[in-house]
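Written below as structure tokens is the structure these notes are about.
Numbering (the working numbering), first residue to last: 3 to 892.
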């Protein structure tokens with residue numbers, strides 16, 4: 003079958019797989035649309051093959067093109083011979099017949115290779131215009147300066163000289179629409195016609211199966227030139243610049259009255275992306291590069307067209323410069339009269355629907371522009387915005403209004419959703435490491451960090467409380483890593499550095515920790531005097547490593563609901579600074595106590611909502627607190643890794659190492675390290691591996707005395723953090739010689755827990771132990787808070803005999819005078835004491851009548867031997883706790 007060159011090229015390019023077949027013919031090995039570039043000595047695949055085109059991404063090569071370009075480059079052939087070679091390779095049953103037009107194009111390529119007025123403009127393409135009888139009548143030659151991107155055109159009439167065509171530059175240029183024969187045929191077949199701004203756009207649309215046209219000087223041509231478009235179903239695609247918008251308005255004035263239907267589709271990638279000057283050709287190219295086929299792109303565009311308003315349809319709402327209106331048609335004396343009833347003074351620009359998967363709520367982003375050219379972007383719940391006219395108008399300001407009935411608002415809602423919806427996406431509330439659509443990712447407000455280091459912006463969290471953004475964070479280099487590790491564990495004492503860094507990395511595991519343990523990781527508490535380094539640790543170590551960009555919460559200004567929201571909305575870390583319980587009211591102290599308990603437990607809170615429903619809040623976040631006061635409640639301390647900072651520890655050497663983290667390079671490196679740790683977790687960890695690793699840590703680093711389970715968990719978590727950060731540094735190729743080995747670090751963590759959590763002991767005290775120690779303190783005093791022997795208790799060599807009923811009022815007054823609360827009531831306290839190790843025998847053995855202050859009182863008999871483990875120097879003076887010499891050696 004004989005065809006022309008242009009027909010052959012169109013056939014060859016219509017199937018994007020043809021390029022791959024030709025490349026494989028020349029020995030190119032393609033794997034996942036990538037290969038080594040055959041045009042330079044390529045050691046790693048740098049050639050991308052998508053959508054029937056190839057491109058080398060090395061700066062020294064940069065070769066790109068289609069299958070014809072590939073053969074021309076490989077063989078050094080002309081376009082004609084390259085087309086013949088492609089047909090031969092693919093085994094197609096075509097022979098090339100060189101037409102007079104083919105010969106004219108070859109002549110132009112040879113003799114008009116540069117623009118006559120400036121040789122820096124090189125020939126890019128030649129477009130031939132045909133009349134209604136399919137005869138070529140005009141040549142439009144395109145030139146481009148590859149350095150500046152600017153374009154120039156030359157135009158000439160085509161003269162038929164019998165055996166050949168020639169160009170006539172002198173006579174007045176014929177003006178007509180491009181691709182006229184195909185346009186006329188498509189109109190007869192009731193097919194859509196695309197009107198675009200240039201021939202390249204028209205050819206690219208034709209390449210994927212549409213009929214498209216353009217027209218030179220369309221704003222000024224006479225009506226005869228546009229007459230072929232009468233009764234067409236016209237689709238106008240304009241460029242996203244001011245010239246494109248002016249061009250659209252002029253087209254609308256001229257063609258809207260003569261067309262059967264008139265649609266102006268708004269394509270998100272062209273018309274709604276900021277600072278972009280994309281056109282339809284860029285859009286098609288981009289989709290090919292994403293791996294879509296011609297059919298895929300065609301279907302994508304058809305879907306957009308189907309959701310585009312036909313501006314000639316009087317049965318639909320329409321909009322003009324005055325606003326959105328509905329049309330009434332009335333027949334008067336045999337003539338149909340159209341009347342516009344305006345519902346708004348604004349035009350609808352776009353609608354975005356966002357469904358929050360975590361809250362099951364839908365938000366809309368509704369953009370409108372009024373007749374004063376003012377733009378308003380409304381972000382609201384869809385069920386609130388379109389509830390009724392009053393509610394709708396409450397979202398307007400002085401420059402916007404809706405003047406319609408409820409049924410008109412429903413009509414507007416359906417109309418906006420059908421024709422102006424440019425995006426419908428899912429969004430999330432909770433930030434942190436999550437598994438969504440079978441992919442593990444770290445969801446942030448700016449997109450999701452994937453294990454390969456890329457950011458997927460299809461997964462975002464609508465969360466302004468926990469700000470974390472990896473878009474500008476670069477991967478950590480070996481050089482950065484080696485410099486960073488010199489300072490990472492040397493900005494304070496070794497004990498503090500390893501406990502802080504280990505706990506911070508443990509915080510990064512919080513999502514997986516919740517999956518495996520059902521609770522959050524331990525609370526990390528920074529305690530110390532003013533100027534001891536707490537604020538430095540938060541601002542220059544904690545936040546950069548965790549990549550947290552939001553402000554730290556201040557304890558004195560925390561509101562309960564705000565704190566609950568912050569802890570519910572993230573699996574990441576929440577930081578509370580300036581924690582000073584003694585200066586806060588009882589309500590705030592109780593809020594802190596309950597928060598710590600809930601975070602390290604399995605608590606939920608149910609609150610009512612305005613619409614008489616309810617909402618469940620969970621304590622999803624891990625927690626870091628900082629302040630000058632240590633927690634004084636044993637049950638809270640047991641849930642923490644408390645790191646104590648002191649001004650005495652701020653040596654010149656520590657300050658010098660700390661100064662590195664204040665620099666731009668230091669903060670950047672620490673943020674990059676934090677991202678590398680998150681990527682390591684995403685790639686290599688799951689809840690099962692976490693459980694096994696924590697069990698392995700507990701079995702490997704055993705202490706000679708058993709720890710309380712919560713404190714043991716804190717040790718395991720902190721040790722895990724150390725192990726992971728060392729592994730990540732090694733994986734980058736960093737030097738770990740300056741990092742202490744596991745045995746030393748394990749002792750530093752144990753030592754910190756012993757000194758700051760256990761107050762120097764391995765065993766953890768219960769609340770009733772603290773009350774017994776308080777009774778001992780009062781037994782040594784005088785005055786209104788004194789507990790007196792013979793009045794409140796008696797003793798012998800074996801037992802202390804307490805009348806707790808008489809003692810408790812004194813205790814309560816004593817605690818109240820110090821701004822504290824007695825955490826157990828009398829009944830609970832005595833119930834716990836009877837089950838403790840301090841009581842021996844049956845009820846009749848430990849609860850007996852004793853004479854106190856001349857009266858018979860029932861007293862509890864507590865073993866002095868068993869009480870030796872407590873700090874009760876007044877009542878049990880023989881109690882001298884032996885020191886643990888092992889810890890003195892660390």
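Beta carbons are placed, not taken as given, at the ideal position from N, Cα and C, and that holds for glycine.
Query, Result
"Within a Cβ cutoff of 8 Å, which residues of the same chain sit near residue 13, ignoring the five residues on either side of it in sequence?", "5, 94, 96"
"Write down every uninterrupted run of the alpha helix (DSSP H) in the segment 729 to 792 whose length is 4 residues or greater and which is fully enclosed by it, in chain order.", "744 to 758, 769 to 781"
"Going by DSSP in three states, residue 632 sits in which element: helix, strand or coil?", "coil"
"Just the Cα atoms here: how many angstroms apart are residue 411 and residue 331?", "21 Å"
"Measure the alpha-carbon distance for residue 672 versus residue 664 and round it to whole angstroms.", "11 Å"
"Under a three-way DSSP split, which group does residue 557 fall into?", "helix"
"In whole angstroms, give me the CA-to-CA distance for residue 654 and residue 493.", "10 Å"
"Enumerate in chain order the residues of its own chain whose CB-to-CB distance from residue 160 is below 8 Å, with the five nearest sequence positions on each side excluded.", "106, 130, 138, 139, 140, 141, 167, 168, 169, 170"
"My output table needs one value for residue 127: the three-state DSSP class, helix, strand or coil.", "strand"
"For a test of the three-state rule: what should DSSP assign to residue 3, helix, strand or coil?", "coil"
"By the three-class DSSP mapping on this structure, what secondary structure does residue 332 have?", "strand"
"Apart from the five residues just before and just after residue 257, which ones in its own chain have a Cβ nearer than 7 Å to its Cβ?", "228, 231, 236, 264"
"On the DSSP letters alone, give me the boundaries of the alpha helix (DSSP H) that residue 504 sits inside.", "496 to 510"
"Helix, strand or coil: which one does DSSP assign to residue 365?", "strand"
"Using DSSP with H/G/I as helix, E/B as strand and the rest coil, what is residue 208?", "helix"
"Between which two residues does the alpha helix (DSSP H) containing residue 408 stretch?", "408 to 421"
"Over the uninterrupted alpha helix (DSSP H) stretch that includes residue 185, give me the two end residues.", "182 to 190"
"Quick one: is residue 690 buried, meaning 16 or more other Cβ sit within 10 Å of its Cβ, or exposed?", "exposed"
"For residue 310, count neighbouring C-beta atoms within 10 Å of its own C-beta (all shown protein chains included) and say buried if the count is 16 or more, exposed if not.", "buried"
"Opposite residue 378 in the DSSP bridges: which residues?", "370"
"Jot down the residue ranges of each uninterrupted beta strand (DSSP E) in the segment 427 to 497, minimum 3 residues, whole runs only, in chain order.", "434 to 438, 441 to 446, 449 to 451"
"Can the beta-carbon of residue 529 be found closer than 7 Å to that of residue 646?", "yes"
"Would you report the Cα separation of residue 68 and residue 54, rounded to the nearest angstrom?", "6 Å"
"Secondary structure at residue 300, three-state DSSP: helix, strand or coil?", "helix"
"Between which two residues does the beta strand (DSSP E) containing residue 576 stretch?", "575 to 579"
"Three-state secondary structure (DSSP) at residue 663?", "helix"
"Only counting the same chain, and skipping five residues up and downstream in sequence, which positions put a Cβ closer than 6 Å to that of residue 624?", "509, 512, 522, 523, 575"
"What residues in its chain sit with their C-beta under 6 Å from that of residue 600, if we drop five residues either side in the sequence?", "621"
"Report the three-state DSSP secondary structure of residue 595 (helix, strand or coil).", "helix"
"Does residue 139 come out as helix, strand or coil in the three-state DSSP assignment?", "strand"
"Which same chain residues, not among the five before or five after residue 8, have their C-beta less than 6 Å away from its C-beta?", "none"
"Run through the segment 18 to 78 for me and flag every whole alpha helix (DSSP H) of 4 or more residues, listed as ranges in chain order.", "19 to 27, 69 to 77"
"From residue 266 to residue 253, what distance separates their C-alpha atoms?", "11 Å"
"Can you have a look at residue 556 and say buried or exposed, based on whether 16 or more other CB atoms are within 10 angstroms of its CB?", "exposed"
"Going by DSSP in three states, residue 202 sits in which element: helix, strand or coil?", "helix"
"Per DSSP, what kind of secondary structure is residue 877 in: helix, strand or coil?", "coil"
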